[in-house]
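S.K.: Line by line, the protein sequences are chains V and Y.
Going by this note's numbering, 56 is the number at position 56 of the first sequence; the sequence numbering is gapless.
Going by this note's numbering, 593 is the number at position 593 of the second sequence; the sequence numbering is gapless.
Got a structure here, written out as structure tokens. Questions coming.
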Amino acid sequence: MRPDSARLADLAGQWRSAYIHIPFCARVCPYCDFAVVAGQDDLVQRYHRAVISEIEMSDEWGPLDAVFIGGGTPSRLPPELAGSMIEALDSKFGLASDVEISMEANPEDINATSSSAFSKAGVSRLSMGVQSFDDVVLRELGRQHTSDQAQNAVAAAQAVFPRVSIDLIYGHPVETNLSWEQTLDLTLALGIDHVSAYSLTVELGTPLSRAVTNGYPAPDDDVQADRWERAAERLEERFVRYEVSNYATEQPCRYNLATWAQGEYEAFGLGAHGHRGGIRTRNLRRIDRYMEAVESGKRPLAGETVVSGWDREQERLMLGLRRAAGVITGPGGRRVLELHPEFVKAGIVKEENGRIVVVRTLLTDTIIREVLTMPPPE
Amino acid sequence: MSDRIRNLSIIAHIDHGKSTLADRLMEYTGAVTEREMREQLLDTMDLERERGITIKAQSVRLSYEADDGQEYQINLIDTPGHVDFSYEVSRSLAACDGAVLLVDAAQGAQAQTLANAYLAIEAGLEIVPVINKIDLPSADPAAAAAEIAAILGGDPDDVLGVSAKTGQGIKELLDRIVKQIPQPSGDPEAPLRALVFDSYFDTFRGVVCSIRVVDGRIRKGEQVLFMATGDKHAANELAVSTPRIIPITELSAGEVGLLITGVKHIDQIRVGDTVTLVANPATEPLEGYDEPKPMVFSGLFPSDGDDFERLREALEKLQLNDASLVWEPETSRALGFGFRVGFLGLLHMEIVRERLEREYNLDLVSTAPSVAYRVTLTDRSVMEIRSPQDLPDLSSVVELEEPYVRAMIIAPSEYIGTIMELVQSRRGSMHHMQYLTPERVELIYELPLAEVVFDFFDHLKSRTRGYASLDYEPVGYRVSDLVKVDILLAGMPVDAFSTITHRAKAVMYGKGMVETLRELIPRQLFDVPIQAAIGSHIISRETVKARRKDVLAKCYGGDISRKRKLLEKQKEGKKRMKMVGAVEVPQEAFVAALRVDTSDR
Numbered sequence: 001m002r003p004d005s006a007r008l009a010d011l012a013g014q015w016r017s018a019y020i021h022i023p024f025c026a027r028v029c030p031y032c033d034f035a036v037v038a039g040q041d042d043l044v045q046r047y048h049r050a051v052i053s054e055i056e057m058s059d060e061w062g063p064l065d066a067v068f069i070g071g072g073t074p075s076r077l078p079p080e081l082a083g084s085m086i087e088a089l090d091s092k093f094g095l096a097s098d099v100e101i102s103m104e105a106n107p108e109d110i111n112a113t114s115s116s117a118f119s120k121a122g123v124s125r126l127s128m129g130v131q132s133f134d135d136v137v138l139r140e141l142g143r144q145h146t147s148d149q150a151q152n153a154v155a156a157a158q159a160v161f162p163r164v165s166i167d168l169i170y171g172h173p174v175e176t177n178l179s180w181e182q183t184l185d186l187t188l189a190l191g192i193d194h195v196s197a198y199s200l201t202v203e204l205g206t207p208l209s210r211a212v213t214n215g216y217p218a219p220d221d222d223v224q225a226d227r228w229e230r231a232a233e234r235l236e237e238r239f240v241r242y243e244v245s246n247y248a249t250e251q252p253c254r255y256n257l258a259t260w261a262q263g264e265y266e267a268f269g270l271g272a273h274g275h276r277g278g279i280r281t282r283n284l285r286r287i288d289r290y291m292e293a294v295e296s297g298k299r300p301l302a303g304e305t306v307v308s309g310w311d312r313e314q315e316r317l318m319l320g321l322r323r324a325a326g327v328i329t330g331p332g333g334r335r336v337l338e339l340h341p342e343f344v345k346a347g348i349v350k351e352e353n354g355r356i357v358v359v360r361t362l363l364t365d366t367i368i369r370e371v372l373t374m375p376p377p378e
Numbered sequence: 001m002s003d004r005i006r007n008l009s010i011i012a013h014i015d016h017g018k019s020t021l022a023d024r025l026m027e028y029t030g031a032v033t034e035r036e037m038r039e040q041l042l043d044t045m046d047l048e049r050e051r052g053i054t055i056k057a058q059s060v061r062l063s064y065e066a067d068d069g070q071e072y073q074i075n076l077i078d079t080p081g082h083v084d085f086s087y088e089v090s091r092s093l094a095a096c097d098g099a100v101l102l103v104d105a106a107q108g109a110q111a112q113t114l115a116n117a118y119l120a121i122e123a124g125l126e127i128v129p130v131i132n133k134i135d136l137p138s139a140d141p142a143a144a145a146a147e148i149a150a151i152l153g154g155d156p157d158d159v160l161g162v163s164a165k166t167g168q169g170i171k172e173l174l175d176r177i178v179k180q181i182p183q184p185s186g187d188p189e190a191p192l193r194a195l196v197f198d199s200y201f202d203t204f205r206g207v208v209c210s211i212r213v214v215d216g217r218i219r220k221g222e223q224v225l226f227m228a229t230g231d232k233h234a235a236n237e238l239a240v241s242t243p244r245i246i247p248i249t250e251l252s253a254g255e256v257g258l259l260i261t262g263v264k265h266i267d268q269i270r271v272g273d274t275v276t277l278v279a280n281p282a283t284e285p286l287e288g289y290d291e292p293k294p295m296v297f298s299g300l301f302p303s304d305g306d307d308f309e310r311l312r313e314a315l316e317k318l319q320l321n322d323a324s325l326v327w328e329p330e331t332s333r334a335l336g337f338g339f340r341v342g343f344l345g346l347l348h349m350e351i352v353r354e355r356l357e358r359e360y361n362l363d364l365v366s367t368a369p370s371v372a373y374r375v376t377l378t379d380r381s382v383m384e385i386r387s388p389q390d391l392p393d394l395s396s397v398v399e400l401e402e403p404y405v406r407a408m409i410i411a412p413s414e415y416i417g418t419i420m421e422l423v424q425s426r427r428g429s430m431h432h433m434q435y436l437t438p439e440r441v442e443l444i445y446e447l448p449l450a451e452v453v454f455d456f457f458d459h460l461k462s463r464t465r466g467y468a469s470l471d472y473e474p475v476g477y478r479v480s481d482l483v484k485v486d487i488l489l490a491g492m493p494v495d496a497f498s499t500i501t502h503r504a505k506a507v508m509y510g511k512g513m514v515e516t517l518r519e520l521i522p523r524q525l526f527d528v529p530i531q532a533a534i535g536s537h538i539i540s541r542e543t544v545k546a547r548r549k550d551v552l553a554k555c556y557g558g559d560i561s562r563k564r565k566l567l568e569k570q571k572e573g574k575k576r577m578k579m580v581g582a583v584e585v586p587q588e589a590f591v592a593a594l595r596v597d598t599s600d601r
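This is the structure:
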């Protein structure tokens, strides 16, 4: 099946997944607003035990079709710790025979030795935070590696892992058209099977956001639109775009595909979000509170939201419309077409074969904003 | 009895300490105890307190035992402190026999000091000059006294220095008031003649009239006749304010007090009217005064069209206490149903708008203020237009006239050059210039009102580092080369953005407005051309390019709820937009015209 096939997109809603959050980083990148900690590697062992306990105290479920170990920087973990977490998932839920176990990694942590070790620990797919192959851009992004290091790390990973993905960030004010073009060239030359390309986003509360407030140049929407279009055009030489920012040769990232299909997933670790039985849960975000809760035998929940009825229908569209395969029209889709015929007229969305598909991907949120605020049908 | 009555106002430039002085006088004479003392007791509206200005004049009766052992009744009639409300100053002065002219010892005489002093002189009042804030380190009482002496004629040594803040000189001031201000004239035995110098609406009592009895006396329960309107009512209640309302049974010649007749709507009482007795009427009314005329007009539209009726009700309620507020319904293609509202000036406009939003919880869009133009048509008929939309086709127009004002500016003489430049860029011409002292000069100009109501005072302040003061009065209409500038969004004229302006300024206005709108209008799904035009002639053009990117880079399992909230919040923001045709226009764009600068720099 093609990565953007409608059947695959819908099938993913049946998969069962687990997410594990590893918050440790060498340094916090200025643009990052994820739940991360830097300089607290002395807590790794204790945190790892807490995650295992959390897995053990969860309800019976499974088997798992996909696992995603994200961060932070999971590659900072000693590989045997990653391995024991995967084992804990296996004994609690069981792993499907074709399970995909993805892990995020930073290039500076990946070489021949660490690749084999993570592979032995059970990781089957590596997603590497390359961000750019331009050293000027990498420095401005606050990354710890160079373009050469990234290329070497990717090569080392490819020697071991059948599936390697890289993350790219485009549209930083220091990036030029030429620099982006070269990054795309190198990406195509690597022979990897997956790319995620994100526009640099100024998230509130980050050091980047404060810098922009103080006069540091903000990314330009039009430039980012140009870069997205260029990426879509160039990467199509080898990949198929199956979501706003994601490209694959054959297989999409299973866990992500499942979340866009409104699928269910267990979540472990600080700040992790889960989705089971119509309830979206979120874990405590502070590392001390998270560990103390688990150590005293409690679920480390910070809150939960029941998503049902019309809310759930709106959410289904919000997630599904980001995919190239679009989403089954359903009551929500009929409602948005009825309330906003102008979107079809302007060629921003189309409906065909019982699905709504966003044609002008860069305007996806113009549609989604209306979807999220439209009243249910009478 | 009337030889122990003194009726006076304190007149001053804004911020020279009038309200504080009134507070101190009340405190000194025991009208209020220190514990009851709230700062600026006479200013009761929240807005007045916040802005430190007085909008409605109020009066208070004080009782002072002078050194001669006699008890004097001092009626202190408060006056508004802003040029927009100067007509209320003349109202108050008509009820007085004297005035305390208060000048800030640090700032010296300002434009309103002068304007108010002239009003008092015209009203034939005895003026007691006083320098306030002598406790300030920056005070220069001698210079301020010299300026007052130059304005009033007289000896600088006769000017009394006080500090309303510390209470220094308050007793001396009371003694001067008793000694210098004449007792009220008037015949206690003649038929009743009382001047209505103010009125306000009270929820419990209905309309309350402030009156000054000139001749005769009025007793509670008597039938009274309002001579101008011809209406007859019973004097249900008489009272004085100390500032607590104390009911009394009689007011006689020379006294100031409150008359309550049971009238429920302020429209039924005309300020300036003369009250007499039905049983024994006077033959001649007292000299009244002109109704205040609105000078500035602006469209007020509810953001939510459903609030139109609520807006009407709110305006009606405000009018209960503000007879100067006038309005008529207006329909705008861009903004829907609303009202064209007339104001005394820009401050009045701001205050009304703020009260509507704050006290009546309305969300309003207001259009750029305009003045009333006079149009002579080919059939020689003359019409007044208060909104650019009402301007008839120019082929049927023989002549356009606009209102002019005489503006009085007082400033340090070093700023003469920059003031002249500003006034010339606003189409003004000098009328008169006079040095008050070697350092300070009084400049009198004539210029179009329209040029004054748009941020003229802001520019004057910034060019003179805040040292210039301004007052103005209307001097009638002048023929002018005026044109209407239309603004088109996506090819469609937006009536709310149209303006009438002098031909020489049309391009500057058009360009400024088009540029401002380009900044304010968010990118849409299509290109939005913005044009300024005089008739069919386009004078400026810009384009808001179509939106190209509107999508979050990431939305993964961990962000779903948060991203959803973010998008919902962004949509909330869009609700504050007005749809003009197919174009989303933020509400702030409608006041943008206010900011368009048409003065040369």
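Using N, Cα and C, we set each Cβ at its ideal position, and we do this for glycine too.
1. Using the C-alpha atoms, what's the distance from M349 of chain Y back to R51 of chain Y?
2. Round the Cβ separation of V494 of chain Y and V580 of chain Y to the nearest angstrom and send it over; I've been treating them as touching at under 8 Å.
3. Comparing the C-beta of S606 of chain Y with each C-beta of chain V, is any distance below 8 Å?
4. Over what stretch of residues does the beta strand (DSSP E) that includes M277 of chain Y continue unbroken?
5. Would you mind stating whether A261 of chain V and N283 of chain V have Cβ atoms separated by less than 8 Å?
6. What separation, rounded to the nearest whole angstrom, lies between the Cα atoms of P375 of chain V and I348 of chain V?
7. Among the candidates Y:L8, Y:R24, Y:K232, whose CA atom is the shortest distance from the CA of S90 of chain Y?
8. For chain Y, is any of its Cβ atoms less than 8 Å away from the one on I101 of chain V?
9. Check whether the stretch 135-147 of chain Y and the stretch 59-71 of chain Y are in contact - that is, three or more C-beta pairs closer than 8 Å.
10. Roughly how many angstroms lie between the CA atoms of L64 of chain V and V160 of chain V, to the nearest whole one?
11. Could you check where the alpha helix (DSSP H) with A281 of chain V kicks off and where it finishes?
12. Which bits of chain Y does A232 of chain V rub up against, with CB to CB less than 9 Å?
13. Taking Cβ to Cβ, would you say E104 of chain V is nearer than 8 Å to G142 of chain V?
14. Under 8 Å between beta-carbons, which chain Y residues line up against I86 of chain V? List them in chain order, please.
15. Tell me which residues share the same chain as G476 of chain Y and place their Cβ nearer than 8 Å to its Cβ, disregarding the 5 neighbours each side in the sequence.
16. Given a limit of 9 Å on CB to CB distance, which residues of the stretch 519-548 of chain Y reach chain V?
17. For T54 of chain Y, count neighbouring C-beta atoms within 10 Å of its own C-beta (all shown protein chains included) and say buried if the count is 16 or more, exposed if not.
18. Report the CB separation of I410 of chain Y from A109 of chain Y in whole angstroms; it is logged as a contact under 8 Å.
19. Out of curiosity, what's the CA-to-CA distance linking S132 of chain V and D4 of chain V?
20. Could you check where the alpha helix (DSSP H) with T213 of chain V kicks off and where it finishes?
21. Grouping DSSP H, G and I as helix and E and B as strand, with all else coil, what is S308 of chain V?
22. Using a Cβ-Cβ cutoff of less than 7 Å, which residues in the same chain neighbour V371 of chain V once the five nearest sequence positions on both sides are dropped?
23. Would you kindly check if the distance between the Cβ of A532 of chain Y and the Cβ of V485 of chain Y is under 8 Å?
24. Counting only beta-carbon atoms, is K554 of chain Y nearer than 8 Å to chain V?
25. Rounded to whole angstroms, how far is the Cβ of Y47 of chain V from the Cβ of M291 of chain V, which I believe are closer than 8 Å?
26. Where do the ends of the alpha helix (DSSP H) carrying W15 of chain V lie?
27. Could you check what DSSP says for Y467 of chain Y in three-state terms: helix, strand or coil?
28. Which same chain residues, not among the five before or five after T183 of chain V, have their C-beta less than 7 Å away from its C-beta?
29. Taking Cβ positions only, does M128 of chain V come closer than 8 Å to chain Y?
30. Chain V beta carbons: is any one of them nearer than 8 Å to that of L489 of chain Y?
31. Enumerate in chain order the residues of its own chain whose CB-to-CB distance from G336 of chain Y is below 7 Å, with the five nearest sequence positions on each side excluded.
32. Taking C-beta pairs closer than 8 Å, name the residues in chain Y that Y19 of chain V reaches, listed in chain order.
33. If you count every other CB in all the chains shown that lies within 10 Å of the CB of E39 of chain Y, and 16 or more means buried, which is it?
34. Using the three-state DSSP reduction, which class does P375 of chain V fall into: helix, strand or coil?
35. Tell me whether the beta-carbon of V528 of chain Y lies closer than 8 Å to the beta-carbon of T516 of chain Y.
36. With distances taken Cα to Cα, identify the nearest neighbour of K236 of chain V among V:T187, V:G39, V:Y198.
M.R.: Result, derived from the coordinates:
1. Interpretation of R51 of chain Y is limited by its pLDDT of 48, a score under 50 that renders its predicted location unreliable; the figure taken from the coordinates is listed afterwards. Rounded to whole angstroms, R51 of chain Y to M349 of chain Y spans 14 Å at the Cα level.
2. The pair is a contact, with the Cβ atoms about 6 Å apart (cut-off 8 Å).
3. Summary: the structure shown does not reach residue 606 of chain Y, with chain Y confined to residues 1 through 601, and so no result is reported for it.
4. The sequence given here has Leu at residue 277 of chain Y, not Met. Note, L277 of chain Y: beta strand (DSSP E), 274-277.
5. No, these two residues do not count as a Cβ contact at 8 Å.
6. Approximately 21 Å between the Cα atoms of the pair.
7. Of the listed residues, the one whose Cα sits closest to S90 of chain Y is Y:L8.
8. Cβ-Cβ to chain Y under 8 Å: no for I101 of chain V.
9. By the C-beta criterion, the stretch 135-147 of chain Y is judged not to be in contact with the stretch 59-71 of chain Y, since fewer than 3 inter-stretch pairs fall below 8 Å.
10. In this structure, the CA atom of L64 of chain V is about 23 Å from the CA atom of V160 of chain V.
11. Ala is not the amino acid found at residue 281 of chain V; the sequence shown has Thr there. Run containing T281 of chain V: none in the alpha helix (DSSP H); it sits in the beta strand (DSSP E), 279-283.
12. The CB of A232 of chain V never comes closer than 9 Å to any CB in chain Y; the least such distance is about 12 Å.
13. No; because the gap between Cβ atoms is not below 8 Å, this pair is not in contact.
14. Under the 8 Å cutoff, chain Y gives no residues; its nearest Cβ is about 18 Å from I86 of chain V.
15. Once the five neighbours on either side are set aside, the close Cβ partners of G476 of chain Y are P403, Y404.
16. Taking a C-beta cut-off of 9 Å against chain V, the contacting residues of the stretch 519-548 of chain Y are R523, L525, F526, K545, R547, R548, listed in chain order.
17. Here T54 of chain Y scores only 43 on pLDDT, less than 50, and its place in the model should not be relied on; the value that follows carries that caveat. The Cβ neighbour count for T54 of chain Y, taken over all protein chains shown within 10 Å, is at least 16; the residue is labelled buried.
18. That belief holds up - the Cβ atoms of I410 of chain Y and A109 of chain Y are roughly 6 Å apart, short of 8 Å.
19. Here the alpha carbon of S132 of chain V sits roughly 25 Å from the alpha carbon of D4 of chain V.
20. For T213 of chain V, the enclosing alpha helix (DSSP H) has its first and last residue at 207-213.
21. Three-state DSSP puts S308 of chain V in coil, outside helix and strand.
22. Cβ neighbours of V371 of chain V beyond the five flanking positions: Q314, L317, M318, G332, V336.
23. The answer is yes: Cβ separation under 8 Å.
24. K554 of chain Y counts as touching chain V.
25. Between M291 of chain V and Y47 of chain V the Cβ distance is about 6 Å, and since that is below 8 Å, they are a contact.
26. According to the DSSP assignment, W15 of chain V belongs to no alpha helix (DSSP H), since it is labelled neither H nor E.
27. Reduced to three states, the DSSP call for Y467 of chain Y is coil.
28. Around T183 of chain V, the same chain offers S132, F133, D134, L168 as residues with beta carbons nearer than 7 Å, after the five sequence neighbours per side are excluded.
29. Contacts with chain Y at 8 Å (Cβ-Cβ) do not include M128 of chain V.
30. Using a Cβ-Cβ cut-off of 8 Å, L489 of chain Y does not count as an interface residue toward chain V, since no Cβ of chain V sits closer than that to its own.
31. The residues are F301, G305.
32. Listed along chain Y, the residues sitting closer than 8 Å to Y19 of chain V by beta-carbon distance are G557, G558.
33. Here E39 of chain Y scores only 48 on pLDDT, less than 50, and its place in the model should not be relied on; the value that follows carries that caveat. Exposed, by the Cβ-count rule.
34. Reduced to three states, the DSSP call for P375 of chain V is coil.
35. With respect to the 8 Å criterion, V528 of chain Y and T516 of chain Y are not classified as neighbours on the basis of their beta carbons.
36. The residue asked about is misnamed: residue 236 of chain V is Glu in this sequence, not Lys. With distances taken between CA atoms, E236 of chain V lies nearest to V:T187 out of V:T187, V:G39, V:Y198.
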